[in-house]
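And the structure:
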């Protein structure tokens, strides 16, 4: 994933292909919103080259749980 991120940042992979990146594992993350690619250990996330970020599956799961918690809190108010 790190190499894929670097290739995108260097412009070696065109941004127009950002949402067509390969998946390198059958282990799909629980939430795929903004997940561009994954390899079974890490997820590459973002919606443009300027905000690409790598997360471990655990980090991503924790982030999604926090976001869902806060979204549910806002919905209840």
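Residue numbers (this note's numbering): 280 to 356. Idealized CB from N, CA, C, for every residue including glycine.
For residue 314, write down the residues that DSSP places opposite it in a beta bridge.
Taking the first residue of the chain shown as position 1, residue 314 is located at position 35. Beta-bridge partners assigned by DSSP to residue 314: 324.
Whole-Å CB distance - residue 336 paired with residue 301, under 8 Å assumed:
For the purposes of this step, residue 336 is taken as the residue at position 57 of the chain shown. For the purposes of this step, residue 301 is taken as the residue at position 22 of the chain shown. Not confirmed; about 18 Å, so no contact.
Inter-residue Cα distance where the pair is residue 347 and residue 331
By one-based count along the chain shown, residue 347 stands at place 68. By one-based count along the chain shown, residue 331 stands at place 52. Cα-Cα distance, rounded: 21 Å.
Taking the alpha helix (DSSP H) that residue 293 belongs to, which residues open and close that run?
Here the question's residue 293 lines up with position 14 in the chain shown. The continuous stretches of alpha helix (DSSP H) do not include residue 293, and DSSP gives it neither H nor E.
Span of the beta strand (DSSP E), counted from its first residue to its last, around residue 332:
Numbered from 1 along the chain shown, position 53 holds the residue referred to as residue 332. Run containing residue 332: 332-335, per the beta strand (DSSP E) assignment.
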